[in-house]
Amino acid sequence: MSVSNLIESITAEGGTIILERAENWMQGRTLYGGASALIAYTAAIRAFPDLPPFRAGQVGFIAPVGEQFELRSQIIRQGRNVVQIRSEIICDDKIALTAFWLFGTSREANAVHPAPLPDPAPGRPEESVPVKTHTAPSFLKENYDVHYTAEKPVPGSPILRRWTRLKDPSGIDPVSELILMGDTLPPSAARIMQRRGPISSINWSFNLLDTEPRTRDGWWLAETACDHADQGYSSERLRLWNADGKQMLSGIQAVAIFG
Numbered sequence: 001m002s003v004s005n006l007i008e009s010i011t012a013e014g015g016t017i018i019l020e021r022a023e024n025w026m027q028g029r030t031l032y033g034g035a036s037a038l039i040a041y042t043a044a045i046r047a048f049p050d051l052p053p054f055r056a057g058q059v060g061f062i063a064p065v066g067e068q069f070e071l072r073s074q075i076i077r078q079g080r081n082v083v084q085i086r087s088e089i090i091c092d093d094k095i096a097l098t099a100f101w102l103f104g105t106s107r108e109a110n111a112v113h114p115a116p117l118p119d120p121a122p123g124r125p126e127e128s129v130p131v132k133t134h135t136a137p138s139f140l141k142e143n144y145d146v147h148y149t150a151e152k153p154v155p156g157s158p159i160l161r162r163w164t165r166l167k168d169p170s171g172i173d174p175v176s177e178l179i180l181m182g183d184t185l186p187p188s189a190a191r192i193m194q195r196r197g198p199i200s201s202i203n204w205s206f207n208l209l210d211t212e213p214r215t216r217d218g219w220w221l222a223e224t225a226c227d228h229a230d231q232g233y234s235s236e237r238l239r240l241w242n243a244d245g246k247q248m249l250s251g252i253q254a255v256a257i258f259g
């Protein structure tokens, strides 16, 4: 199932959606988090198409999202400059995902502070080496090209950076593509786990730094970095840069660590 097939049946009215042949977007018994977030975002913008530019999202991964679900969206508040929308994915009559989307008009800048370039320098994606993904979740190996960055990993460092892009052109708008791509890499806490065990994302909050994101040849530099891990949870920092080193997305995520 392509990305466009994933969202083509979503209408302004929401309602029941049945995804046929969505196996390549599954992560165990649930849709990959970026795919389910994209579905919720698409439901919001199709229900309310006349919106300011997208600015930020808060996504709660509550329960597994299967191949059949119901979509609901509503405007929580509409002010002069900012619109906030809540969208939900309902599975088996229970909320499986809830999300808040923030849209805001542009104003004259009263503060300017560009995000830093990625450090250390990741090299060029065109010169990078593919990662072997045969043991990766199906959504990753079926839909993404994943390449190593140029810097050498620091042993024991809970930071993971990779060049990523969709194997096939998505045909979706750039903002939707970033939402799909933003949660691609596994949590970096996996690098410091003392015992093997499953890891599960609980939520994902992020800000879009450019309302018209662009990159070169589909490549994005993705990073997950563990800021703190203890008591079975990890606080992860998620960032995306384009192929020229301009940061496009800044986020944070709570992750449950089992085992």
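Heads up: the sequence shown begins at 1 in UniProt numbering, then just goes up one per residue.
By construction, the Cβ of each residue, glycine as well, lies at the ideal position given by its N, Cα and C atoms.
This structure is a prediction, so every number in the text was calculated from the model and none was measured.
Contact annotation, A63 with A96: C-beta distance approximately 4 Å; criterion of less than 8 Å satisfied. Note on geometry: alpha-carbon atoms of V129 and W220 lie some 15 Å from one another. In this structure D183 is in contact with G34, their Cβ atoms being roughly 4 Å apart against a cut-off of 8 Å. Of the residues assessed, N242 falls on the buried side of the cut-off, its CB having 16 or more other CB atoms within 10 angstroms.
With a threshold of 16 other beta carbon atoms within 10 Å, N207 falls short and is exposed.
Judged by beta-carbon spacing, G251 lies within the 8 Å limit of L238, meaning their Cβ atoms are closer than that value. The bridge partners DSSP lists for I17 are F69. By the beta-carbon neighbour count (other beta carbons within 10 angstroms, threshold 16), V146 is buried. Residue pairing of W220 in beta bridges, as defined by DSSP: T164 and N242. Of the candidates V83, D119 and K141, the residue whose Cα lies closest to the Cα of P52 is V83.
When DSSP reads this structure, Y148 sits in a beta bridge with R162. Taking a contact as a CB-CB distance under 8 Å, the pair L185 and Q247 does not count as one, their CB atoms being some 16 Å apart. If you draw a 10 Å sphere on the C-beta of G15, you find fewer than 16 other C-beta atoms in it, and that means exposed. Under the 10 Å beta carbon count, L6 is surrounded by 16 or more other beta carbons and is classified as buried. Residue pairing by DSSP puts M26 in a beta bridge opposite L31.
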